[in-house]
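Asker:
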Amino acid sequence: MPLSGHCLCKAVTYKVDVDAPLLTGYDHCDDCQRQSGSTYSLVAVVPKDKLTVDGPIKKWKGTGSSGNAVWRWFCGECGSPIAHDPDAAPEIIALKGGSLDTEIKKNLKPDTEIWTVGKLPFCQEHLAKPFKHMPE
Ligand SMILES: [Zn+2]
Numbered sequence: 001m002p003l004s005g006h007c008l009c010k011a012v013t014y015k016v017d018v019d020a021p022l023l024t025g026y027d028h029c030d031d032c033q034r035q036s037g038s039t040y041s042l043v044a045v046v047p048k049d050k051l052t053v054d055g056p057i058k059k060w061k062g063t064g065s066s067g068n069a070v071w072r073w074f075c076g077e078c079g080s081p082i083a084h085d086p087d088a089a090p091e092i093i094a095l096k097g098g099s100l101d102t103e104i105k106k107n108l109k110p111d112t113e114i115w116t117v118g119k120l121p122f123c124q125e126h127l128a129k130p131f132k133h134m135p136e
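Heads up: the sequence shown runs through residues 1 to 136, numbered per the UniProt record's numbering.
Take a look at the structure:
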């Protein structure tokens, strides 16, 4: 069953033609805290060529730790974050897990934490595979 999701106002919808994400986890980097407005970003990493997006998506270009661009995708109507898309890894894209359809996100199995160097000190969650930066 493909993955599917939408923004808060439902102007942006997407589908990913895969059964499951390649990786599901928490991204603790400062940029993800800012884009999500929260403690960390729940990310579902998927192959970019399997993703189809409809609606008024906007992309804001930031700079990742590699010095390459990281494109932050969001709904142009309601501003909900949809994904972040690092030029350093062009074959994948990190969907914001909270934008997935409800029954899909309930069944996510996050097991990886990245950028724990930026983890907020009150965050009590600990997943099986923590990485200070990116997985090598
Ligand atoms: Zn929207």
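Each residue gets a CB set at the ideal place from its N, CA and C atoms; glycine is no exception.
(1) What does DSSP give as the partner residues of residue 75 in its beta bridges?
(2) Less than 8 Å between the CB atoms is what I'm expecting for residue 25 and residue 43, so what's the real figure, rounded?
(3) For residue 69, I'd like the list of residues in its chain whose CB is within less than 6 Å of its CB, leaving aside the five on either flank, ordered along the chain.
(4) I'd like the list of long-range same chain contacts for residue 93, defined as Cβ closer than 7 Å, with 5 residues on each side in sequence excluded.
(5) Any idea what DSSP makes of residue 118, helix, strand or coil?
(6) Specify the secondary structure class of residue 85 as computed by DSSP and reduced to three states.
(7) Specify which residues have a beta carbon nearer than 6 Å to any heavy atom of ligand 1, listing them in chain order.
(8) For residue 91, name the three-state secondary structure that DSSP assigns.
(9) If I follow the unbroken alpha helix (DSSP H) through residue 15, where does it start and stop?
(10) To the nearest angstrom, report how far apart residue 59 and residue 122 are at their CA atoms.
Answerer: Inspection of the coordinates gives the following:
(1) For the purposes of this step, residue 75 is taken as the residue at position 75 of the sequence shown. The partner list for residue 75 (beta bridge, DSSP) reads 57.
(2) The residue labelled residue 25 in the question sits at position 25 within the sequence shown. The residue labelled residue 43 in the question sits at position 43 within the sequence shown. Indeed they touch by this definition, with Cβ atoms about 6 Å apart.
(3) To locate residue 69, count along the sequence shown from 1; it is residue 69. Correct list, in chain order: 61 and 87.
(4) Position 93 of the sequence shown, counting from 1, holds the residue named residue 93. Taken in chain order, the residues that qualify are 46, 48, 51, 83 and 85.
(5) One-based indexing of the sequence shown puts residue 118 at position 118. In the structure shown, residue 118 sits in a helix (DSSP, three-state: H, G or I).
(6) As a first step, residue 85 is located in the sequence shown; it is residue number 85 there, counting from the start. Here residue 85 sits in strand by DSSP.
(7) 7, 8, 9, 11, 12, 75, 77, 78 and 80
(8) In the sequence shown, residue 91 corresponds to position 91, counting from 1. Coil at residue 91, not helix or strand.
(9) Here the question's residue 15 lines up with position 15 in the sequence shown. Element bounds for residue 15: not the alpha helix (DSSP H) but the beta strand (DSSP E), 13-16.
(10) Within the sequence shown, residue 59 is the residue found at index 59, counting from 1. Within the sequence shown, residue 122 is the residue found at index 122, counting from 1. For residue 59 and residue 122, the distance between alpha carbons rounds to 31 Å.
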